[in-house]
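Numbering (our numbering), first residue to last: 7 to 313. We put the beta carbon where it would ideally sit given N, CA and C, even for glycine. Structure first, then comments.
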Amino acid sequence: MTSFEIGALVVAIVAFILLIICIVLLVMMKKRKKEHIGHKEDRRKENKRQRNVRRIMNLDEEQRADEPDPEFGDASETEERKKAESKGRKKHHMETASRDALGTNGEPRLDGARVSHRRDHPERIKQDEMWKQRQQEVSELVQRQQEYERKNRLRLVYSPCTGEVLYFAENEEEAAKNGLSNPGLIISPSDDKVYAPVNGKILEIEMEKSRIYMQSDRGLDIMMQIEMEGEDETADYWTTRVQPGSQIRVGDLIIRLNQSLIKSHQSEFALSVMVQNYDKRQLLLMRKMNYVSHGDKIITLKEDPSL
Numbered sequence: 007m008t009s010f011e012i013g014a015l016v017v018a019i020v021a022f023i024l025l026i027i028c029i030v031l032l033v034m035m036k037k038r039k040k041e042h043i044g045h046k047e048d049r050r051k052e053n054k055r056q057r058n059v060r061r062i063m064n065l066d067e068e069q070r071a072d073e074p075d076p077e078f079g080d081a082s083e084t085e086e087r088k089k090a091e092s093k094g095r096k097k098h099h100m101e102t103a104s105r106d107a108l109g110t111n112g113e114p115r116l117d118g119a120r121v122s123h124r125r126d127h128p129e130r131i132k133q134d135e136m137w138k139q140r141q142q143e144v145s146e147l148v149q150r151q152q153e154y155e156r157k158n159r160l161r162l163v164y165s166p167c168t169g170e171v172l173y174f175a176e177n178e179e180e181a182a183k184n185g186l187s188n189p190g191l192i193i194s195p196s197d198d199k200v201y202a203p204v205n206g207k208i209l210e211i212e213m214e215k216s217r218i219y220m221q222s223d224r225g226l227d228i229m230m231q232i233e234m235e236g237e238d239e240t241a242d243y244w245t246t247r248v249q250p251g252s253q254i255r256v257g258d259l260i261i262r263l264n265q266s267l268i269k270s271h272q273s274e275f276a277l278s279v280m281v282q283n284y285d286k287r288q289l290l291l292m293r294k295m296n297y298v299s300h301g302d303k304i305i306t307l308k309e310d311p312s313l
């Protein structure tokens with residue numbers, strides 16, 4: 007072989023070795039890239055799972071915070087449930103204490119952590135006093151709520167739908183100015199759902215006049231009417247989910263509006279909520295907002311203390 011052929015062979019061998027090295031490097035880089043993408047996807051999934059867990063925990067906390075009935079209707083039930091739970095815990099604690107306070111020979115055991123189960127132990131006396139004080143505070147809170155209801159005779163009305171508030175009327179003069187027969191308000195619904203504004207029952211449904219009459223458990227008479235601009239008959243624009251005599255609770259779905267039919271006529275529609283048995287010896291207070299969601303407190307009715 008000539009020197010030229012030897013040099014060409016060496017160059018070819020070196021080029022082949024470099025090609026092998028490049029291929030190996032490319033494979034390694036691709037493998038590392040896949041591993042990096044896999045780790046990144048795992049972190050993203052773990053972060054998403056943690057966010058979901060935190061969101062569920064926050065929702066649970068909000069539900070527990072909003073659990074009491076807005077009209078204090080479940081205060082007595084809550085108190086009874088707490089008393090039953092505390093009684094069960096106390097009984098279990100006493101049984102455990104009596105069982106663990108005895109040694110192997112049946113004699114009273116006074117050593118170690120079990121000494122706190124003795125009734126005359128300072129820590130036990132302190133815990134019992136704290137528990138009694140907490141029970142007393144809860145009982146006083148329930149009594150204050152019940153006394154406040156009794157003295158002020160509070161009667162509450164909640165928003166039956168979500169939407170923009172068009173008019174308020176806290177008395178008969180304002181009602182006359184805004185075209186209402188009784189004090190109340192007019193809401194322009196933003197969706198097709200209408201819910202019960204009080205706890206009570208349905209008294210009467212007038213389909214031809216698009217009116218629903220109801221009475222709350224506290225004797226408050228409410229009338230809801232669906233009104234539509236330039237329309238005499240609005241019965242075709244809504245359907246009821248209840249019947250006269252039906253029991254209702256705040257948040258129960260009672261009406262569905264036919265929004266497609268309303269939009270096809272391009273007419274403005276509204277929902278009026280009025281207090282039928284209002285008189286001048288009462289204070290009717292509005293929560294004046296431009297926009298409400300269903301379930302918001304909108305009307306508080308109580309006896310006028312100045313009369």
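Is residue i near the ligand MN, with its Cβ less than 6 Å from a heavy atom?
i	result
K294	Ligands in the displayed structure: none, and consequently the ligand MN is not present.
Kindly indicate which three-state DSSP category residue i falls into: helix, strand or coil?
i	result
A202	coil
N296	coil
R125	coil
G13	helix
E176	coil
L209	strand
N111	At N111, the pLDDT of 45 sits below 50, so the modelled position is not reliable and the matter cannot be decided from this model.
S187	coil
F78	Bear in mind that a pLDDT of 45 at F78, under 50, signals an unreliable position, so the model cannot answer this.
Please list, in chain order, all residues of the same chain as residue i whose beta carbon is under 8 Å from its beta carbon, the five residues on each side excluded.
i	result
E233	I192, S216, T240, F275, A276, L277, S278
N184	Y173, F174, A175, I192
So residue i and residue j are supposed to be a Cβ contact under 8 Å. How far apart are they, rounded?
i	j	result
L290	N177	7 Å
L209	P250	7 Å
I254	M220	7 Å
M230	I218	5 Å
A181	P189	5 Å
If you measure between the beta carbons of residue i and residue j, is that distance less than 7 Å?
i	j	result
V171	V298	yes
D197	R262	no
G169	S145	no
R293	K308	no
Can you list, in chain order, the residues of its chain whose CB lies under 7 Å from that of residue i, leaving out five sequence neighbours each side?
i	result
S252	K207, I208
D117	Unreliable placement is indicated for D117, whose pLDDT of 44 sits below 50; no coordinate value is reported for it.
To which residues of the same chain is residue i closer than 6 Å at the C-beta, ignoring the five residues directly before and after it?
i	result
N264	Y243
Do the stretch 158 to 172 and the stretch 201 to 214 meet, that is, are 3 or more Cβ pairs less than 8 Å apart?
yes
Closer than 8 Å is the cut-off here; do at least three beta carbon pairs connect the stretch 219 to 238 with the stretch 280 to 297?
yes
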